[in-house]
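Same order as they appear, the protein sequences are chains A and B. Heads up: the first sequence begins at 0 in numbering that gives the first Met the number 0, then just goes up one per residue. Heads up: the second sequence begins at 0 in numbering that gives the first Met the number 0, then just goes up one per residue. Idealized CB from N, CA, C, for every residue including glycine. Okay, structure first, notes after.
There are 2 protein chains.
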Amino acid sequence: MADMNGKVDVVLVKPQLLPSTLSEQIELTWEGIVGEKHYGLTMQANSAQKPHPKGTEIRNVRQVAIMSVEEMEQIAKNMDLPEVKGEWVGANIVVSGVPDLTQLPPGTRFYFEGGASVVVEGANAPCTTAGGSLQEQYPDKPGITSGFPKQAIGKRGLVGWVERPGVIKQGESVMVRPGPEVRS
Amino acid sequence: MADMNGKVDVVLVKPQLLPSTLSEQIELTWEGIVGEKHYGLTMQANSAQKPHPKGTEIRNVRQVAIMSVEEMEQIAKNMDLPEVKGEWVGANIVVSGVPDLTQLPPGTRFYFEGGASVVVEGANAPCTTAGGSLQEQYPDKPGITSGFPKQAIGKRGLVGWVERPGVIKQGESVMVRPGPEVRS
């Protein structure tokens with residue numbers, strides 16, 4: 000797959016689990032995003048990291064959550080909502096111009112204009128926690144909490160870790176180099 | 000792709016670039032293999048890490064080199080050599096029972112019996128440095144140095160980084176969980 004060029008629409012930090020807070024820029028270190036709840040070189044394994052026993056200290060592969068403007072528009076359309084914002088579903092970086100972002104394979108690199116880079120661990124699984132946060136925005140429309148995991152699947156973005164520290168600013172460009180395709 | 004179960008044939012450390020030294024066990028920390036030349040949380044980018052400028056400090060994604068008994072036998076056959084040993088071409092872990100090891104995608108996990116785990120960054124590129132080390136073993140058979148990069152392509156094993164520290168012992172079992180396949 001060829002390299003792609005996109006744009007950083009917004010950057011966000013989430014000091015708690017949700018929501019994220021819009022920022023003019025975010026600072027990436029080896030530990031992740033400064034001020035972020037998921038900051039750290041290591042993390043505790045949960046059920047998604049089986050067969051590691053729950054609570055095992057492993058390398059933090061979920062330092063950064065990347066989503067796309069276009070996929071969030073598709074989620075909103077699927078759910079018949081006016082819009083879905085990155086801050087409501089815990090994004091750290093929202094990009095535009097990268098088609099089918101969530102389908103990019105592990106090992107894909109995001110090279111940001113300012114020098115920072117992020118390596119993709121994998122797709123982020125849409126959950127009812129993010130669904131509940133979205134539900135709070137639309138209290139008159141029931142069913143969002145449980146509907147989000149189904150309607151956002153394949154469009155909920157990627158998680159990854161910092162390969163090169165740096166500052167990422169709103170509006171900067173990003174070059175995306177897809178990981179190698181699997182030869183079968 | 001389904002999980003696979005293999006066995007650790009030998010473990011090795013390379014204090015210098017080449018060769019590796021056989022060991023009864025190796026110790027993996029967040030920095031890689033204790034005593035290894037490539038030990039460190041970070042590394043300097045070289046031409047393989049473009050577009051990072053050469054010398055840029057990035058996360059060390061090449062802490063561990065994994066090869067397979069079966070693929071080394073294929074390389075030896077391709078090159079009409081009696082054998083190719085892991086220590087001659089810089090392996091740290093040589094496993095058996097994992098078909099087409101070098102074809103495993105980035106994000107593949109190796110879960111070792113003793114608890115350590117390694118995440119695959121990608122295939123290791125066969126080079127004339129390893130070819131030269133192999134040539135030294137067969138001084139009467141010219142052409143190995145330059146032949147190795149061609150004959151070992153797709154069979155030279157994988158590089159990766161430590162997800163969970165621990166000790167890996169010769170003879171222990173390993174569960175290999177392939178990374179997700181690319182949906183096109």
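Check                                                                                                                                                                      : Outcome
Would you list, in sequence order, the uninterrupted alpha helix (DSSP H) runs of no fewer than 4 residues that lie entirely inside the segment 126–159 of chain A?        : 127–136, 143–150
So what does DSSP say about Asn77/B, is it helix, strand or coil?                                                                                                          : helix
Should Glu120/B go down as buried or exposed, given a rule of 16 or more other Cβ atoms within 10 Å for buried?                                                            : buried
Output the residue ranges of the beta strand (DSSP E) runs that lie fully inside the segment 92–121 of chain B and measure 3 residues or longer, sorted by chain position. : 92–95, 108–111
What is the DSSP secondary structure of Ser19/B, reduced to helix, strand or coil?                                                                                         : coil
I want to see whether chain A comes within less than 8 Å of Gly89/B, judged by CB atoms only; does it?                                                                     : no
In the DSSP output, which residue or residues are listed as bridge partners for Met66/A?                                                                                   : Val93/A
Is the distance from the Cβ of Ala115/B to the Cβ of Pro177/B below 8 Å?                                                                                                   : no
Where DSSP assigns a beta bridge to Gly165/A, which residues make up the other side?                                                                                       : Leu27/A
Do you know offhand how far Gly159/A's Cα is from Ile92/A's?                                                                                                               : 11 Å
Assign Gly5/A to one of three DSSP states: helix, strand, or coil.                                                                                                         : strand
How about Glu82/B and Ala75/B: are their beta carbons less than 8 Å apart?                                                                                                 : yes
Along chain B, in chain order, which residues have C-beta atoms closer than 9 Å to that of Thr55/A?                                                                        : Gly114, Arg163
Mark Asn45/A as exposed unless 16 or more other C-beta atoms lie within 10 angstroms of its C-beta, in which case mark it buried.                                          : exposed
Quick check: the Cα distance between Lys53/B and Phe109/A, rounded to an integer number of angstroms?                                                                      : 18 Å
Span of the beta strand (DSSP E) holding Glu185/B?                                                                                                                         : The first residue shown for chain B is 0 and the last is 183, placing residue 185/B beyond what the model contains.
Can you tell me whether Met174/B is helix, strand or coil according to DSSP?                                                                                               : strand
Pick helix, strand or coil for Met42/B, following the three-state DSSP scheme.                                                                                             : strand
I want to verify the contact list: residues of chain B whose CB lies under 8 Å from the CB of Leu58/A, in sequence order.                                                  : Residue identity differs from the one stated: residue 58/A is Arg in this sequence, not Leu. Near Arg58/A (Cβ distances below 8 Å), the residues of chain B are Trp29, Val118, Trp160, Val161, Glu162, Arg163.
Using beta-carbon positions only, say whether Ser67/B and Val94/B come within less than 8 Å of one another.                                                                : yes
Which chain A residues sit within Cβ distance under 7 Å of His37/B?                                                                                                        : Near His37/B there are no residues of chain A at all, since even the closest Cβ is about 16 Å away, more than 7 Å.
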